[in-house]
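Undergrad: Numbering (the numbering used here), first residue to last: 35 to 236.
1) When you compare the CB positions of residue 164 and residue 131, do they come within less than 8 Å of one another, or not?
2) Taking only runs of the alpha helix (DSSP H) that begin and end inside the stretch 184-222, which ones reach a length of at least 4 residues, in chain order?
3) Could you tell me if residue 103 is buried or exposed, where buried requires 16 or more neighbouring beta carbons within 10 angstroms of its beta carbon?
4) Select from 108, 57, 55, 46 the residue whose C-alpha is nearest the C-alpha of residue 68.
5) Using the C-alpha atoms, what's the distance from residue 154 back to residue 212?
6) Could you give the DSSP three-state label for residue 245: helix, strand or coil?
7) Which term fits residue 267, buried or exposed, when burial requires 16 or more other beta carbons within 10 angstroms of its beta carbon?
8) Might you give, ordered along the chain, the residues of its own chain that have their beta carbon closer than 7 Å to the beta carbon of residue 195, omitting 5 neighbours on each side?
9) Expressed to the nearest angstrom, what Euclidean distance is found between the alpha-carbon atoms of residue 122 and residue 40?
10) In this structure, how does DSSP classify residue 98 when only helix, strand and coil are distinguished?
11) Nearest CA to the CA of residue 79: which residue from 101, 50, 98?
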């Protein structure tokens, strides 16, 4: 059984293999440890649950716990919640995704830029399993006020948005995506090299 002592001895390269041997009791403990103040234990718990979510639905049984984290006063908890929800979108029902989406998309306006970035970066793990929500997701991404973001984070966040839109565009083409991308590539936020990379993808 996993413990707060032996979890710290799991090497990064062994996380994936360790996640395969987790029991139901282990998973329950890991979910609880996501709320610990100890950064090392909390991060190890997150990584194990993240890896577990790739091949098993048993983390999804704690969907409501993860959902509650989206409203946490702690930015780390909000980030943990949104990333694990994205990892478990493949196991969630259509109704579960519909109910949570508005709360998830509100994190695009989070006070912490890193949480905003994690939200954008994770969203393409949801879109393949929520086709009926893609229009809402696209609208939320392209309506994000980049100029309202801290100046030093504008390029990074815009790059995240464009990367997400390109991924969505592979399966779900919309004129709004193309118009947004053209406007972004003609704007002054991205540097020449970054523009060139996205132009090749287009």
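Idealized CB from N, CA, C, for every residue including glycine. Just so we're clear, the structure is a prediction, and the values are computed from it rather than from any experiment.
TA: In terms of the structure at hand:
1) yes
2) Within the stretch 184-222, the complete alpha helix (DSSP H) runs of at least 4 residues fall at 185-203, 209-220.
3) buried
4) Out of 108, 57, 55, 46, 108 has the C-alpha closest to the C-alpha of residue 68.
5) 18 Å
6) Since the displayed the chain opens at 35 and closes at 236, residue 245 lies outside it and no answer follows.
7) This structure cannot settle anything about residue 267, because the visible part of the chain is limited to 35 through 236.
8) Correct list, in chain order: 154, 175, 178.
9) When rounded, the distance between both Cα atoms is 26 Å.
10) helix
11) 50
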